[in-house]
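Working notes for the structure below.
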Amino acid sequence: MKKHLTFIAVFFLGLTTTFSQDTYEFQIVTVIESIVPSGLGRSRMLTTNEVRDYKEFTSTRTGENDKRNKSNREEIRVKGFDETKLLNFFNLGGIRFQNIAANDAIVTSKINEMSTQGWELAFVNSGVESFGGKGDGNGIYITRYTFKRKK
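Position one of the sequence shown corresponds to residue 481 (this note's numbering), numbered consecutively onward.
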């Protein structure tokens with residue numbers, strides 16, 4: 481009989497842990513690094529200090545009775561954010577490996593700080609934007625670091 485009671489207790493304990501779901505909050509850190517020759521671009525690391533509810537800026541379209549959100553861009557803009565200066569990949573002499581290493585040190589510092597605050601790095605997404613046409617001198621390298629922590 482004791483074995484059955486122990487089994488039932490362990491079974492229900494397992495069910496409660498299986499069905500309990502952790503909720504997380506997320507924070508995104510965006511790093512934009514200029515790949516504009518001659519050091520003319522701007523490189524930054526950005527972290528928002530404000531919260532926006534996406535529902536306030538979302539429209540529902542069904543075909544017949546579209547509900548369009550009439551919010552303007554000014555309501556969407558976030559004015560409270562941290563902006564950390566980074567160095568550009570290029571200067572007049574070409575690619576600057578010291579600049580890349582300096583940026584890595586700064587981004588690593590941010591990641592370490594977030595970790596001490598209980599944030600866990602969950603995802604990293606990156607991409608490059610460059611026209612690449614004749615005489616093009618524009619481009620950015622963007623990386624988004626998505627952190628999460630339990631609420």
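Virtual Cβ for every residue (Gly too), placed ideally from N, Cα, C.
{"query": "Inter-residue Cα distance where the pair is E563 and T588", "result": "15 Å"}
{"query": "Beta-bridge partners of E513, as assigned by DSSP", "result": "Y621"}
{"query": "Three-state secondary structure assigned by DSSP to E593", "result": "helix"}
{"query": "Local Cβ density within 10 Å of N592, reported as buried at 16 or more and exposed below that", "result": "exposed"}
{"query": "Presumed contact (8 Å Cβ cut-off) between I622 and I515, rounded CB distance", "result": "Not quite, the Cβ-Cβ distance comes to about 10 Å (not below 8 Å), so this is no contact."}
{"query": "Extent of the continuous beta strand (DSSP E) to which R524 belongs", "result": "523 to 528"}
{"query": "Span of the beta strand (DSSP E) around E563", "result": "561 to 566"}
{"query": "Candidates S523, F627, M594, Y504: closest to F603 by CA position", "result": "F627"}
{"query": "For L572 and K630, the rounded distance between their alpha carbons", "result": "46 Å"}
{"query": "Proximity of Q507 and W599 at Cβ, strictly below 8 Å", "result": "yes"}
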